[in-house]
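A.B. asks: Okay, here's the structure, questions in a sec.
Protein chains: 2
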Amino acid sequence: MIAAPQTNAFNPPRRILMGPGPSDIYPEVLAAQSRPTVGHLDPLFIGMMDELKALIQYAFQTKNQMTIAVSAPGSAGMETCFVNLVEPGEKVIVCRNGVFGERMRQNVERIGATAVVVDTPWGEPVNVEDVKQALEANPDAKFLAFVHAETSTGALSDAKTLCALAKQHGCLSIVDSVTSLGGVELLVDEWGIDAIYSGSQKCLSCVPGLSPVSFSEAAVEKLKARKTAVQSWFLDQSLVMGYWSGNGKRSYHHTAPVNALYALHESLRKLADEGLENAWQRHQQMHQLLKAGLEKLGIKFVVDEASRLPQLNAVYIPEGVDDAAVRSRLLNDYNLEIGAGLGDLAGKAWRIGLMGYGARRENVALCLRALEEVLS
Amino acid sequence: MIAAPQTNAFNPPRRILMGPGPSDIYPEVLAAQSRPTVGHLDPLFIGMMDELKALIQYAFQTKNQMTIAVSAPGSAGMETCFVNLVEPGEKVIVCRNGVFGERMRQNVERIGATAVVVDTPWGEPVNVEDVKQALEANPDAKFLAFVHAETSTGALSDAKTLCALAKQHGCLSIVDSVTSLGGVELLVDEWGIDAIYSGSQKCLSCVPGLSPVSFSEAAVEKLKARKTAVQSWFLDQSLVMGYWSGNGKRSYHHTAPVNALYALHESLRKLADEGLENAWQRHQQMHQLLKAGLEKLGIKFVVDEASRLPQLNAVYIPEGVDDAAVRSRLLNDYNLEIGAGLGDLAGKAWRIGLMGYGARRENVALCLRALEEVLS
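Chains as they are written, first to last, in this note's numbering: chain E, 4 to 379; chain L, 4 to 379.
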């Protein structure tokens, strides 16, 4: 027999999470998550799941019946949208202005579909004019896919206009709202979004590991009209909906992550209590405070003010400053996590998150003071 | 704006979980899970992940370097094994003696590979002689896939012999150990298992939502020699290993389910403290107690004694007894969950789990007494 390793219980310190996610988790959410586990077909649990569906619908501002939480992180939510809707050989216009647009392209290619990439420089919102031209040049395209809030750069794209353009050209829209949901305006039904996914660990301030997803009626029709089986059994929504259908009789697909779903339920209840519009406003207010303080320190933003995300502040690392050393000191001396740059911005930028429960005055104050001390 | 739904905090009762999973969760595991969330690239978290890898290796009895927990339930672990190893057009011999063998077949077909199904009647272990014949009749087969412990029937198959047969015929073995890991003998390296997956919510008594997975060196070589991209971006182990590599420098793939991983770490520490062999013995002892009591009530087992799983007791519902009414009374009056039959056994059998922390004398006693009262 191979011997057991010697280990200790893991007792993490209380970090202040101001990176690109996971964000600071509501204490109530952590408490909810540790409540006793019940069976995934227990009538009481199914009652909670019905509420959870209504809460996700509220957060997305949609009445879509096919609204669920995928039992895996946001990147599985992305894959859920692509593998269920896109069939081999179909054409998808993919907007790429950061890491996650590129990940969309990879999803499309792994299906055996064709990605027509519309590139916008990192740090800018998706260029609407270029998308228009791509839609006109590709009348056979069936989808327009883009990231609403690019976590790698902090740029907010104009989802409303992009979805309207998609509709005009007979395309279904696939939207990444991992970082936007709960932090900035997002109106799924009003904007006509067809497929959308998010993540639990950003502006919802829930534990990482779940991905809220919603499909419009048109998306559901596309799924039903498929000629080929969905390549993923685990993510096949025609099977998953047997469990989430909410008609009282739920059939087993996979064992739901019961305790994580308690946590999501509680985090969405916090959002509903505050009200979406109040949450959006709070993120904006905290961003303004952070911005004013960072500017006093001479720190510059990557993204222009007009399309800057309040919840994800990508800023250039001041010249001559040691990226890793500063982040280590913030973490070790202040228990404060800020994010490194990702992809093209690795080593050039920091990403300071003000997400969900993390968007609080005390966090802004701590971050500004700690940065001032460490940089001086 | 769509209005927020009215909801209440979800306060589940303390159920005694004696179904097919989730099992009773260790209180220490629930406590560990609600510790403060840290970032998924935090050095302290990475230290815990190194320990977690060693603990999974211990549970599987393997030194495989590619040993991780997939950030999703067991069915995603199954898919991880198939989509990483099997390429379109390849042939897989799939043993089917319950629901999960059939799920394996569906995984194979969704890859565009060929499944040669070896059927054994439900409730019996995989027929070794039939597998031998299928291997001889299909010299071009590249994989042998089977379920070690069928959760739908309670039958234990002879994994050691089946893996040896696979090796003799130049096949890689893919093994489902969702219900077996921690409950019965399982020796990955000694038996020469090439790819194996499990689930967190069975005999590990962790919260549902994670899937321990391990690949042998031969499996890793097969993955590296692929001519086609893995069809799933989320489950692509060549990417995931950048995060799990444990060489000190972890690269971002997706945001790890931090708190669920705390829970898995703690549950595996409980297993290591007890010792694998002691845990196997405890499951067997509790099974003997349950068996003696059930027999006194005139209840008969689905599976022959020789291949009966101690941790998953499938028993025939006595004639004239209302299946749903009995399970409802157990749940509502005793807070005791036992499992319904699945697939061919729906309405015909109950599944009584004695898994991990659930395999305790007080659970056996409660179950026997409650059944006696409800059935009288």
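Ideal Cβ placement from N, Cα and C applies to all residues, glycine included.
Report the partner residues of residue 179/E according to the DSSP bridge assignment.
C.D. replies: One-based indexing of the first sequence puts residue 179/E at position 176. Answer by DSSP bridge pairing, in chain order: 150/E and 200/E.
A.B. asks: With 8 Å as the threshold, decide whether the Cβ of residue 41/L is near any Cβ in chain E.
C.D. replies: Along the second sequence, one-based indexing puts residue 41/L at 38. Interface residue, yes.
A.B. asks: Go to residue 370/E, then tell me how far its alpha helix (DSSP H) extends in each direction, as first and last residue.
C.D. replies: Position 367 of the first sequence holds residue 370/E. 364 to 378 is the extent of the alpha helix (DSSP H) around residue 370/E.
A.B. asks: Have a look at 153/L, 21/L, 72/L and 67/L and flag the residue whose alpha-carbon is nearest the alpha-carbon of residue 259/L.
C.D. replies: By 1-based counting over the second sequence, the position of residue 259/L is 256. Closest option to residue 259/L, Cα to Cα, is 72/L.
A.B. asks: Taking residue 265/L as the query, report the chain E residues whose CB atoms sit under 7 Å from its CB, ordered along the chain.
C.D. replies: Along the second sequence, read from residue 1 onward, the residue named residue 265/L stands at position 262. Here the neighbours are 13.
A.B. asks: In three-state terms, what does DSSP make of residue 191/L?
C.D. replies: The residue given as residue 191/L occupies position 188 in the second sequence. Residue 191/L: helix per DSSP, three-state reduction.
A.B. asks: Closer than 8 Å is the cut-off here; do at least three beta carbon pairs connect the segment 92 to 105 of chain E with the segment 217 to 230 of chain E?
C.D. replies: The segment 92 to 105 of chain E, when compared against the segment 217 to 230 of chain E, does not touch it at the 8 Å Cβ threshold.
A.B. asks: Can you give me the start and stop residues for the beta strand (DSSP E) that residue 16/E sits inside?
C.D. replies: Numbered from its first residue, the first sequence carries residue 16/E at position 13. From DSSP, residue 16/E is part of no beta strand (DSSP E); its letter is neither H nor E.
A.B. asks: One question on the structure: do residue 335/E and residue 17/E come within less than 8 Å of each other, judged by their Cβ atoms?
C.D. replies: The sequence position of residue 335/E within the first sequence is 332, counting from 1. The sequence position of residue 17/E within the first sequence is 14, counting from 1. It is not a contact, given that the beta carbons lie outside the stated cut-off.
A.B. asks: Bridge partners for residue 122/E per DSSP, in chain order?
C.D. replies: Working through the first sequence from its first residue, we reach residue 122/E at position 119. DSSP, once it has assigned bridges, lists 99/E as partnering residue 122/E.
A.B. asks: What residues from chain E crowd round residue 340/L, counting only those whose CB sits closer than 7 Å?
C.D. replies: Numbered from 1 along the second sequence, position 337 holds the residue referred to as residue 340/L. 42 and 45, listed in chain order.
A.B. asks: Which of the three DSSP states, helix, strand or coil, is assigned to residue 71/E?
C.D. replies: Numbered from 1 along the first sequence, position 68 holds the residue referred to as residue 71/E. Note: residue 71/E maps to strand in three-state DSSP.
A.B. asks: Would you mind sorting residue 372/E into buried or exposed? The rule is 16 or more other CB atoms within 10 Å of its CB.
C.D. replies: The residue labelled residue 372/E in the question sits at position 369 within the first sequence. Classification of residue 372/E: exposed, given that the 10 Å Cβ count is below 16.
A.B. asks: Cα-Cα, which of 10/E, 311/E and 27/E is closest to residue 358/E?
C.D. replies: Reading the first sequence from its first residue, position 355 is the one you call residue 358/E. Ranking the options by Cα distance to residue 358/E, first place goes to 27/E.
A.B. asks: Buried or exposed for residue 101/L, going by 16 or more other Cβ atoms inside 10 Å?
C.D. replies: Within the second sequence, the letter at position 98 stands for residue 101/L. By the 10 Å Cβ count, residue 101/L comes out buried.
A.B. asks: In terms of residues, what are the limits of the beta strand (DSSP E) holding residue 355/L?
C.D. replies: By 1-based counting over the second sequence, the position of residue 355/L is 352. Start and end: 352 to 356.
A.B. asks: Is residue 309/L near the ligand MG - that is, is its Cβ less than 7 Å away from at least one heavy atom of it?
C.D. replies: As for the ligand MG, it is missing from this structure, which has no ligand bound.
A.B. asks: Got a sec: is the Cβ-Cβ distance from residue 149/L to anything in chain E below 8 Å?
C.D. replies: Here residue 149/L corresponds to residue number 146 of the second sequence, with the count starting at 1. With 8 Å as the cut-off, residue 149/L does not count as an interface residue toward chain E.
A.B. asks: Would you report the Cα separation of residue 281/L and residue 64/L, rounded to the nearest angstrom?
C.D. replies: Position 278 of the second sequence, counted from the first residue, corresponds to residue 281/L. Position 61 of the second sequence, counted from the first residue, corresponds to residue 64/L. Taking the straight line joining both Cα atoms gives about 14 Å.
A.B. asks: Which ranges would you report for the alpha helix (DSSP H) in the segment 230 to 303 of chain L if only whole runs of at least 4 residues count?
C.D. replies: You should have 240 to 247, 261 to 277 and 279 to 299.
A.B. asks: Please report the straight-line C-alpha distance between residue 87/L and residue 240/L, rounded to a whole angstrom.
C.D. replies: Counted from its first residue, the second sequence places residue 87/L at position 84. Counted from its first residue, the second sequence places residue 240/L at position 237. When rounded, the distance between both Cα atoms is 7 Å.
A.B. asks: Do residue 275/L and residue 36/L have their CB atoms nearer than 8 Å?
C.D. replies: If you number the second sequence from 1, residue 275/L lands on position 272. If you number the second sequence from 1, residue 36/L lands on position 33. No, the pair does not count as a contact, with Cβ atoms beyond the cut-off.
A.B. asks: Write down the C-beta distance between residue 166/E and residue 144/E rounded to the nearest angstrom, noting that I regard them as a contact closer than 8 Å.
C.D. replies: The residue you call residue 166/E lines up with position 163 of the first sequence. The residue you call residue 144/E lines up with position 141 of the first sequence. Not quite, the Cβ-Cβ distance comes to about 14 Å (not below 8 Å), so this is no contact.
A.B. asks: State yes or no: is the C-beta of residue 80/L within less than 8 Å of the C-beta of residue 235/L?
C.D. replies: Here residue 80/L corresponds to residue number 77 of the second sequence, with the count starting at 1. Here residue 235/L corresponds to residue number 232 of the second sequence, with the count starting at 1. Cβ distance not < 8 Å, so residue 80/L and residue 235/L don't count as in contact.
A.B. asks: When DSSP labels each residue in this structure, what does residue 33/L get in the three-state scheme?
C.D. replies: Counted from its first residue, the second sequence places residue 33/L at position 30. Note: residue 33/L maps to helix in three-state DSSP.
A.B. asks: Are the CB atoms of residue 342/E and residue 356/E nearer to each other than 8 Å?
C.D. replies: In the first sequence, the residue the question calls residue 342/E occupies position 339. In the first sequence, the residue the question calls residue 356/E occupies position 353. Yes, they are a contact pair.
A.B. asks: Cβ closer than 7 Å: which chain L residues qualify as neighbours of residue 61/E?
C.D. replies: Sequence index remark: in the first sequence, residue 61/E carries index 58 (1-based). Those within 7 Å of residue 61/E in chain L are 5, 7 and 8.
A.B. asks: Between the Cα of residue 14/L and those of 32/E, 9/E and 13/E, spot the shortest distance and give me the residue it belongs to.
C.D. replies: As a position in the second sequence, residue 14/L is number 11, starting the count at 1. Nearest option by C-alpha distance: 32/E.
A.B. asks: Indicate the three-state DSSP secondary structure (helix, strand or coil) for residue 338/E in the structure shown.
C.D. replies: On the first sequence, position 335 is the one that residue 338/E refers to. Residue state, collapsed to three classes: coil.
A.B. asks: Would you kindly report the start and end of the unbroken alpha helix (DSSP H) that includes residue 87/L?
C.D. replies: For the purposes of this step, residue 87/L is identified with residue 84 of the second sequence, where counting begins at 1. Unbroken alpha helix (DSSP H) run through residue 87/L: 77 to 88.
A.B. asks: Verify the CB distance criterion: does residue 202/L have a CB-CB separation below 8 Å to chain E?
C.D. replies: In the second sequence, counting from the first residue as 1, residue 202/L sits at position 199. Yes - at least one Cβ of chain E is within 8 Å of the one on residue 202/L.
A.B. asks: May I ask you to report which of helix, strand or coil DSSP gives residue 310/E?
C.D. replies: Reading the first sequence from its first residue, position 307 is the one you call residue 310/E. It is helical.
A.B. asks: What three-state label does DSSP hand residue 41/L in the structure shown?
C.D. replies: Within the second sequence, numbered from 1, the residue matching residue 41/L stands at position 38. In the structure shown, residue 41/L sits in coil (DSSP, three-state: anything other than H, G, I, E or B).
A.B. asks: For residue 231/L and residue 215/E, I'd like the C-alpha separation in whole angstroms.
C.D. replies: Locating residue 231/L in the second sequence gives position 228, where the first residue counts as 1. Locating residue 215/E in the first sequence gives position 212, where the first residue counts as 1. Computed Cα separation, rounded: 30 Å.
A.B. asks: Within 8 Å (strictly less), CB to CB, does residue 25/L reach chain E?
C.D. replies: Taking the first residue of the second sequence as position 1, residue 25/L is located at position 22. It does; some Cβ of chain E falls within 8 Å.
A.B. asks: Determine the direct distance from the alpha carbon of residue 184/E to that of residue 53/E, and round the result to whole angstroms.
C.D. replies: Locating residue 53/E in the first sequence gives position 50, where the first residue counts as 1. Locating residue 184/E in the first sequence gives position 181, where the first residue counts as 1. Residue 53/E and residue 184/E: Cα-Cα distance of roughly 20 Å.
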